[in-house]
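The structure appears right after this line, and notes come after that.
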Amino acid sequence: MGLKAHKIIFGRAHVLEAADRLNQQYDQLGFDLKDALDEFEELKQKSEALQMSLRMKRSSNVESIDDIMRKRDEDLHCTDQRYQTLVDVLKKTHEDTTEEKIQHEMAMQHEHHAEIEHLRANTQPKPAEVAHPISPSSTPRESSGDESPAKQCNGSVGTEFMA
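Residues in the sequence shown are numbered from 0 upward in steps of one, following numbering that gives the first Met the number 0.
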């Protein structure tokens, strides 16, 4: 074998080794690519699962928010009704109190007028007293009380006022 043959064999061996290394690298890249694809597929599935989970969470959050808003609206409505009821009761109580106060004032005025009329009636002279005033010194009284005041009077006493 000559040098030329040796170079060819050595060159071929070298080429075969290089080709073998390239095949190994290719195979390794194939494995790496397969692993990367598997990892990509796994990450893709995780991503889809997370997206689904987020959609469900958003959906449940939206429902929760809707429930919370509905509950808040119901509470506001109930509070508004209670407030309106209290305002109505307060107005009615104020009206009743005002009416009672007016009636009380009218009763007090009526009582005051009645008292004034009673006092006037007691302080004004009676018609008989005005027509025939009797002075205490002009009517003698008997201690026995048998005789009437007309019999006690002398004919001339008291006749002056009877005219």
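Glycine included, each C-beta is placed from N, C-alpha and C at the ideal position.
All of these numbers come straight from a predicted model, not from anything done at the bench.
Look at the alpha carbon of residue i and the alpha carbon of residue j, and state the distance between them as a whole number of angstroms.
i      : j      : result
Ser58  : Asp31  : 39 Å
Asp66  : Leu75  : 14 Å
Glu141 : Gln123 : The predicted position of Glu141 is uncertain, since its pLDDT is 48 and thus under 50; a value taken from the coordinates is nonetheless stated next. Approximately 29 Å between the Cα atoms of the pair.
Glu41  : Gln24  : 25 Å
Arg81  : Glu110 : 42 Å
Glu38  : Ala12  : 37 Å
Lys43  : Gln27  : 23 Å
Leu21  : Ser46  : 35 Å
Ala106 : Lys91  : 22 Å
Thr97  : Glu73  : 36 Å
Val88  : Ala120 : 47 Å
Ala18  : Lys33  : 22 Å
Glu94  : Thr78  : 24 Å
Leu118 : Gln102 : 24 Å
Gln108 : Glu114 : 10 Å
Ile64  : Arg54  : 15 Å
Pro148 : Lys100 : Note that Pro148 has pLDDT 47, beneath the 50 cutoff, so the model's placement of it is unreliable and no number is given.
Gly10  : Gly29  : 27 Å
At the 9 Å Cβ level, is residue i part of the contact set with chain B, yes or no?
i     : result
Phe30 : The structure shown has no chain B; it contains just one protein chain.
Does the distance between the C-beta of residue i and the nearest non-hydrogen atom of the ligand GDP fall short of 8 Å?
i     : result
Lys45 : The ligand GDP is not among the ligands present in this structure, which contains no ligands whatsoever.
Could you tell me which uninterrupted alpha helix (DSSP H) segments, each at least 4 residues in length, are contained entirely in the stretch 59 to 136, listed from first to last along the chain? 126 to 130
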